[in-house]
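Which chain is which? The protein sequence lines are U and H, in order. For the first sequence, counting from 1, position 188 maps to 315 in the working numbering; every step adds exactly one. For the second sequence, counting from 1, position 401 maps to 402 in the working numbering; every step adds exactly one. First comes the structure, then the notes that go with it.
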Amino acid sequence: MGRLTSENVELAREIIDRYPRSRSALIPLLHVAQEQDGWVSTEAMSHIAELLGLTPVEVLGTASFYGMFKREPVGRYVVSVCTNISCLLLGGEELLEHCEARLGVKAGATTPDGVFTLEDVECIAACTDAPCLQVNYRFFLNITHDEVDRLLDDLRAGRRDEEVPPHGTLTRVRPRVPAERWSGHGAEGLPVLPGQSR
Amino acid sequence: MAVSDAAPIISTRFDQTDAHTLDGYLRTGGYAALRKALAMTPDQVLEEVKAANLAGRGGAGFPAGAKWGFLPEDVFPRYFVVNGDESEPGTCKDRPLMERDPHQLIEGLLISCYAVGAAQAFIYVRGEMALAQERLAIALNGAYAAGYVGKDILGSGWSLDVVLHWGAGAYIVGEETALIESLEGQRGMPRLKPPYFPAAKGLYMQPTVVNNVETLSYIPWVLQHGGEAYAAIGTEKATGLRLFALSGHVRRPGVYEVEMGTTTFRDLVEAPVYGGGMRHGNALKAFIPGGASAPWLYPEQLDLGLDAGPVGAAGSMLGSGAVVIMDETTCAVRAAWRLVRFFAHESCGKCTPCREGGAWLEKIMRRILDGYGREEDLDLLLDVGDNISPGPFPHPASDGEDAVPFPFKQTTICPLGPSTVSPVYSSIWRFRDEYLVHIKEGGCHHG
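Laid out in structure tokens, this is it:
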């Protein structure tokens, strides 16, 4: 917990190499740290600073701007209930209240067993399927209170592990570029047009 | 009621379950437009896109071809950035494009990079969209492995790398200069324009094009069928098709690909193939025509066409193509407060009028909702709003009063600040009596 594992350091270097300037890899590396630990610790931020040649406070400065980076531990499942306009019109606030009652915590808090963190969030771009929520950024659309109850029970019992990985994991398929396919022109000058060579 | 019979263009693979795989995309005509483009010169491709008069689908509506034309000559490297940070409340049309047809976006991006001579491209996907990220990763990995992306594309000698990049939860990053800051590993705060127009000083201070996901998704079709064929759809000034996210109190909320100009808001709400009418047959109270930032419109404006010109003249905007329908059961004060809470929360803090003003607007609205409002709070709200967006605020015409056209004025670097004022002004202008009920009685019958 904290510093990136050697496997993740290797991944970090691969990510850094994709950008013309290394600092562009900062947010991607914070995601790597959050995937490793479920949150972003001070130790992880210091390690990322080392990898990018930044100061720890530069890393913190960026990390603290973005709501998805949790700088203290959260539940295995972050349940994000949308209450913005389209959901508000179709029961988003009632959905949030139902989740609060069911989980026994208010929005913003984590259940004592550390399984769930409940959030009252801004629009998650599923407005035509309101009301909706996300668990670890996976969508559950047009959801009823009964369906929420079943979902939370399933998650707690580990019956949705394939569908919903632990908090911090976004895509389960990483972008991979075979070395021989990478053109590497990004930091250079003129584009190479058909018929030209360099 | 005139519902267009124009065939959909970018939503044709929404029901195809394997469009994110290379095989699935190739089977339905994928990458034919890229092959066609690579046989043309970059200038010829650029001319085709200019001829299409394809307006940007992010919110500002600036024509893509003209935007590309702003790049200064002979300054390299140039970069291309895809804005997939869709977060405007009410808007959910880029997400299906990324989840269900990611290759179409990648193909449109490749053609666009070829046209403008970009050295590298970045697809910035909203952090909260895990499935879109996964589908784009599958698609891009497949395209790289098969030679559609990377070194020596399709044996043409032309090369381009595409990098997938996830955001981390910040609405403001949808603003193009804030997105560039974020892509550079910084806090996502907008840059001052001028001098930091992305075309001149963008990513790493190099010439940069930032285009929206939907805009780029139309490019393969434009190349295949020609810019003129695209421009022939819709009306002269409102060309082509566009995805509209219709949400709220209609029977059939959904994302619909609709012909611009000829289709009206009434068609969108009432046509059986779109909204199917108001939920429970209730009366319409107000609607937001272009995402949370847009000033509200009302039943009298339903017959406006989906055309930026007339909608702007009527005091609002088509914005991000998000139409939110509010029926008579809606509490206007609560709806407006929720939108203000959003903008106050998402203010990046760079400009004082937005950072402080937005926070105060939210607090005053909240106290009215909680039953502690004062009658003078209405003038106070308008006064705070005037500090963010000075002068007459855009609104439709009413008895004895002319419309104030869009856009709003602003004392801030970016439009987030004045967007906070939209729901405040729109709701007070039209529903002042509902505020008074809240203030005098501590609540309203809408609950």
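Backbone N, C-alpha and C fix where the C-beta goes; we use that ideal spot for every residue, glycine too. Owing to the predicted nature of the structure, the values given are computational and were not obtained by experimental measurement.
Cβ-Cβ separation, residue j to residue i (assumed contact under 8 Å), whole Å
i	j	result
C214/U	P258/U	5 Å
S399/H	C250/U	Wrong, their Cβ atoms sit about 30 Å apart, outside the cutoff.
G85/H	Y125/H	6 Å
G1/H	R243/H	Chain H is shown from 2 up to 448; residue 1/H falls before or after that span and cannot be answered.
G359/H	T421/H	5 Å
G277/H	V256/H	Their Cβ separation, rounded to whole angstroms, is 14 Å, which puts G277/H and V256/H out of contact at 8 Å.
S310/U	L141/H	In fact, because the Cβ distance is near 14 Å, the residues do not count as touching under 8 Å.
K197/U	Q163/U	13 Å between Cβ atoms; not a contact.
A53/H	A232/H	6 Å
G186/H	R150/U	4 Å
F229/U	L279/U	Note that residue 229/U corresponds to Arg in the displayed sequence, not to Phe. With 8 Å as the limit, R229/U and L279/U qualify as a contact, their Cβ atoms being about 6 Å apart.
P302/U	A138/H	5 Å
P419/H	F409/H	4 Å
G306/H	G262/H	5 Å
Closer than 9 Å at the beta carbon, the chain U residues around residue i
i	result
T413/H	In chain order: nothing, as chain U lies at least about 18 Å away.
S183/H	I154, T189, F192, Y193
W361/H	Ordered by position in chain U, no residue passes the 9 Å Cβ test against W361/H, which lies about 19 Å from the chain.
F343/H	N211, I212, E249, C250
Residue i, DSSP secondary structure in three states
i	result
S324/U	Only weak support exists for where S324/U lies, its pLDDT of 42 falling under 50; the coordinates are left without a value.
D162/H	strand
E170/U	helix
Y80/H	strand
I440/H	helix
H272/U	helix
S133/U	helix
N212/H	strand
E258/H	strand
K286/H	strand
Q134/H	helix
R243/H	strand
H294/U	coil
T244/U	strand
C349/H	coil
Beta-carbon proximity list for residue i, same chain, < 6 Å, skipping 5 on both sides
i	result
A287/H	W297, Y299, M327
L111/H	L35
T92/H	A246, G292, S321, A323
C332/H	C445, H447
H21/H	P103, R136, I139, A140
Partner residues on chain H for residue i, Cβ-Cβ distance less than 8 Å
i	result
H312/U	P78, A120, Q121, S160, L161, D162
Y204/U	Correct list: empty, because the minimum Cβ distance to chain H is about 13 Å.
L215/U	R335, A336, R339
R265/U	A131, L132
Residues of its chain near residue i, where Cβ-Cβ distance is below 8 Å and the 5 sequence neighbours each way are ignored
i	result
A133/H	G85, R96, M99, E100, P103, V126, R127
A345/H	G359, A360, L362, E363, T421
I154/U	T189, Y193
Y80/H	A119, A120, Q121, A122, F123, G203, L204, Y205, Q207, P208, T209, V210
Within chain U, the residues that residue i reaches when beta carbons sit closer than 8 Å
i	result
E347/H	E249
Interface partners of residue i on chain U, CB under 7 Å
i	result
F432/H	Within 7 Å Cβ-Cβ: nothing; F432/H doesn't reach chain U, min ~15 Å.
A138/H	T298, V300, R301, P302
Q187/H	T189
H166/H	P155
Residue i: contacting residues in chain H (beta-carbon distance under 7 Å)
i	result
I212/U	P90, G91, A293, V325, A336, R339, L340
Chain B within 9 Å of residue i, Cβ atoms only
i	result
S173/U	You won't find chain B in this structure, because its protein chains are U and H.
Cutoff 7 Å; reference residue i; Cβ partners in own chain excluding five residues on either side
i	result
E129/H	G170
A38/H	V46, I112, Y115, L224
| message | Tell me which residues of the stretch 247-263 of chain H have at least one Cβ-Cβ distance to chain U shorter than 7 Å, keeping chain order. | response | L247, S248, G249, H250, P254, G255, V256
| Where the stretch 135-166 of chain U meets chain H: residues whose CB sits under 8 Å from a CB there | R145, Y146, P147, R148, R150, S151, A152, L153, I154, P155, L157, H158
| field | Members of the stretch 226-260 of chain U near chain H, C-beta cut-off 9 Å | value | V248, E249, C250, I251, A252, A253, C254, T255, D256, A257
| field | Proximal residues, the stretch 175-189 of chain U versus chain H, C-beta separation under 7 Å | value | G188, T189
| Members of the stretch 296-308 of chain U that neighbour chain H once the beta carbon cut-off is set at 9 Å | Close to chain H, meaning a Cβ-Cβ distance shorter than 9 Å, are the following residues of the stretch 296-308 of chain U: T296, L297, T298, R299, V300, R301, P302, R303, V304, P305, E307, R308.
| message | Can you pull out the residues from the stretch 79-105 of chain H whose beta carbon lies closer than 7 Å to at least one beta carbon of chain U? | response | E87, S88, P90, G91, T92, C93, R96
| request: Pull out every residue of the stretch 140-151 of chain H whose Cβ sits closer than 9 Å to any Cβ of chain U, in chain order. | output: L141, N142, Y145, A146, G148, V150, G151
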